[in-house]
Amino acid sequence: MVNVRKVPMRQCVGCRVMKPKRELIRAVRAPTGEISLDFRGKKPGRGAYVCPDAACLARAKKVRALERAFGVQIPDEVFEELGRQMAAPDHV
Numbered sequence: 008m009v010n011v012r013k014v015p016m017r018q019c020v021g022c023r024v025m026k027p028k029r030e031l032i033r034a035v036r037a038p039t040g041e042i043s044l045d046f047r048g049k050k051p052g053r054g055a056y057v058c059p060d061a062a063c064l065a066r067a068k069k070v071r072a073l074e075r076a077f078g079v080q081i082p083d084e085v086f087e088e089l090g091r092q093m094a095a096p097d098h099v
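Residue numbers (this note's numbering): 8 to 99.
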């Protein structure tokens, strides 16, 4: 018998497409209230997934998907910081 592992799937909050978890970036709201990107998927807190694409992050901002997922208002500065973190080449 062949043991085939099931690939965990998650939905991008921007484009709403189901993709393998490893292809997405986890945005996390820490218990302290800080919102950041979690490239390893290990930070504690409430998570939501977004494609590693600035367009998906912009769409998530436009439709307030992260705000709904985290249950808090997110200032524009946080979205700008998330965009910078996503564009940084040292995150992988």
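Cβ atoms here follow ideal geometry from the backbone N, Cα and C, with glycine treated the same way.
Bounding residues of the beta strand (DSSP E) (the contiguous stretch that carries R36): Note, R36: beta strand (DSSP E), I32 to R36.
A55 versus C19, E88 and K49, residue with shortest Cα-Cα distance: C19
Enclosing beta strand (DSSP E) for V57 [first to last residue]: First-last of the beta strand (DSSP E) with V57: R53 to V57.
Alpha-carbon spacing of C58 relative to V9, whole angstroms: 31 Å
Where K28 falls: helix, strand or coil (DSSP): helix
Buried or exposed by the 16-neighbour rule on C-beta atoms within 10 Å, applied to A67: buried
Contact belief for L31 with R17 at Cβ below 8 Å, rounded distance in angstroms: 5 Å
Residues of its chain near V85, where Cβ-Cβ distance is below 7 Å and the 5 sequence neighbours each way are ignored: I42
Counted within 10 angstroms of its Cβ, other Cβ atoms place M25 as buried (16 or more) or exposed: exposed
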